[in-house]
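Each protein sequence line maps, in turn, to chains A and B.
FYI, the numbering for the first sequence is 14 to 257, going by the numbering used here.
FYI, the numbering for the second sequence is 14 to 257, going by the numbering used here.
2 protein chains.
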Amino acid sequence: MRNLKLKLMYNGKAYHGWQVQANADTVQGRLESAVEAVFGEHLTVYGCSRTDAGVHANEYFCNFRTEKSISCESVVKALNANLPDDIAVFACEEVREDFHSRFDCKSKRYVYKIWNSQIKNPFLTHTACHYKYRLDENLLNEAAQSFIGTYDFKAFCSAGSSVTDTVRTVKAASVVRQGDTVIFSVEADGFLYNMVRIMVGTLINVNEGKIDKNDIQYIIRSADRANAGVTAPAQGLFLDKVFY
Amino acid sequence: MRNLKLKLMYNGKAYHGWQVQANADTVQGRLESAVEAVFGEHLTVYGCSRTDAGVHANEYFCNFRTEKSISCESVVKALNANLPDDIAVFACEEVREDFHSRFDCKSKRYVYKIWNSQIKNPFLTHTACHYKYRLDENLLNEAAQSFIGTYDFKAFCSAGSSVTDTVRTVKAASVVRQGDTVIFSVEADGFLYNMVRIMVGTLINVNEGKIDKNDIQYIIRSADRANAGVTAPAQGLFLDKVFY
């Protein structure tokens, strides 16, 4: 049995996230339809992450198994011909039979983009969050360092998650400014439901003086969602890099 | 009578161009509705350029006249509150009563963005043209120099234009590469119908070997649309800068 690993990029604006759901347009659903059109049979496509509605991926990996001998190069071309313009397959490679895009992933990096200007940017409506008051990227970068380490991140997990082990290791976290865009970047071995978006909301609350930057460690230790900041909107979030 | 000049930015994807038309959603239509909501009366908004359907503006100026004394700062805020997310007002200033956004404009710069990679970019579907074969930006930049000067550009004007004087002065033209994006930039005292898009199509035909770069001058002199290249699609085109 061949196990094919795909590298994707997608604009999540039009989708109810990655995972197939009844009566909802999803990236997995679109991909499984394209795979079925190319391979002539329905095959389950396993994704590396369950991105939420409106969340994007600069890099995303998934895999599926087939007996068919279509070359990897042809798979890329044929899938792209069967996918909408907001989902692209960049590469296909044959991997060992027991490889799984999600379980074999060592860590992931997410980025969150904030258009930080008085006036909205008409070109970033669906690919950045607009925040009109000046953000102090140095303050936020200092605050973000408190996320680094192995902790129970329950305070940074939205209700509705079925996960019981909420301990994660954050390997890197930073905030940088590029012109009017402020970018939060975070790498971890795994992420809880809405974890990055709650981190961003907390950093914005730090900027507003509602949370002290030195209190982030206490918020983590409280393991209480009520102590962390708001959940920032989905459209600024990108899965940026997946490490195997 | 006050004459107010607005500086805009818009994503043209959703619009049938700038100019008000029956039964079509246009940027001018949206702006006149916002002005009416703020000023309580219908006022004609005069634009600097009639951009086509799907064409964008990084910078656009328009003006309208009113007796109302709302401050320029309040006009910016109130218009933005009444405009959709893909149209933004960046500034408002009071100008002399006979100022006209189009007739007083000395020159304009357009840019045309091409995503030049084998695989489409899901984030640039509506803001760049996808061209999958490798473009030689040095060759295209050399070819683009032939556009510079004062010529009858009738060969670079689509049928359907009512303009009789087709002489224009191109002040600058260049092609540069930024990673996988190739950008054609052109400044002129005025542009004919589809002029930039036909220039881009001609440059792509030069890259494909269908037109020799030294023949552009002959094409201009022929004044025959049939000799120039194809009309490149609208979504890569941006009005980039307007000079007064």
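For each residue, glycine too, the CB sits at the ideal point set by N, CA and C.
Note down, in chain order, each residue of its chain lying with its Cβ closer than 8 Å to the Cβ of residue i, except the 5 sequence neighbours on either side.
i      : result
E72/A  : K20, L21, M22, L252, D253, K254 and V255
N154/B : S187, V188 and V189
E86/A  : C105
L152/A : V219, N220 and K226
A101/A : L21, M22, Y23 and N93
K184/B : S120, I161, E200, A201 and D202
E107/B : R15, N16, L17, K18 and C85
V51/B  : I83, V88, A91, L92 and N95
Rounded to whole angstroms, what is the Cα-Cα separation between residue i and residue j?
i      : j      : result
M14/A  : N76/A  : 13 Å
D202/A : D99/B  : 37 Å
S187/B : Q158/B : 7 Å
N24/A  : P135/B : 6 Å
N95/B  : A47/B  : 5 Å
K121/B : F112/A : 55 Å
I196/B : N218/B : 16 Å
I229/B : V40/A  : 45 Å
K18/A  : A70/A  : 16 Å
V209/B : A168/B : 12 Å
G249/B : V68/B  : 7 Å
H139/A : V213/A : 17 Å
L148/B : T215/A : 45 Å
E232/A : Y146/A : According to the sequence displayed, residue 232/A carries Ile and not Glu. One C-alpha to the other measures close to 24 Å.
R109/B : L44/A  : 57 Å
T194/B : P97/B  : 28 Å
K81/A  : G222/B : 39 Å
Y59/A  : K26/B  : 33 Å
E49/B  : A35/A  : 43 Å
Go ahead and label residue i buried or exposed: buried means 16 or more other beta carbons lie within 10 angstroms of its beta carbon, across all protein chains shown.
i      : result
F166/A : buried
G242/A : buried
V180/A : exposed
G53/B  : exposed
V89/A  : buried
A156/A : buried
Y125/A : buried
G162/A : exposed
Closer than 9 Å by beta-carbon distance: list the chain B residues that pair up with residue i, in chain order.
i      : result
A101/A : I132, K133, N134 and P135
Y28/A  : In chain order: nothing, as chain B lies at least about 11 Å away.
In terms of alpha-carbon separation, which member of the options lies closest to residue i?
i      : options                           : result
I211/A : N227/A, N240/A, S82/A and N134/A  : N240/A
L56/A  : N220/A, A185/A and T79/A          : T79/A
R238/A : A172/A, F52/A and L44/A           : A172/A
Y257/A : K133/A, R115/A, F169/A and V40/A  : R115/A
N129/A : N16/A, T39/A, A37/A and N220/A    : N220/A
F160/B : G222/B, R234/B and G249/B         : R234/B
Y28/A  : R63/A, G162/A, A50/A and N16/A    : R63/A
E200/B : D193/B, T182/B, Y206/B and L216/B : T182/B
S175/B : T138/B, L205/B and I83/B          : L205/B
A236/A : T177/A, F103/A and K223/A         : T177/A
Q131/A : Q191/B, F103/B and E49/B          : F103/B
G192/B : E150/B, Y59/B, E49/B and G222/B   : E150/B
Find the residues of chain A that neighbour residue i, judging by a C-beta separation of less than 8 Å, and give them in chain order.
i      : result
Y164/B : Those within 8 Å of Y164/B in chain A number zero; the least Cβ separation is about 33 Å.
N93/B  : I132 and K133
Between which residues of its own chain and residue i is the CB-CB distance below 7 Å, once the five residues before and five after are set aside?
i      : result
N227/B : none
C61/B  : Y73, F74, C75, S114, R115, C118 and V255
P246/B : C142
G42/A  : V33
K133/A : H143
A37/A  : H29
L137/B : W128
I224/B : T215, N218 and G242
Interface residues of chain B around residue i at Cβ under 8 Å?
i     : result
V23/A : The sequence as given places Tyr at residue 23/A; Val does not occur at that position. Ordered by position in chain B, the residues that pass the 8 Å Cβ test against Y23/A are P135.
D98/A : K133, P135 and T138
Quick one: what's got a C-beta closer than 6 Å to residue i's C-beta in the same chain, skipping five residues either side?
i      : result
N207/B : S171 and T244
S198/B : V124 and S187
D65/B  : G30 and A247
Y164/B : I233
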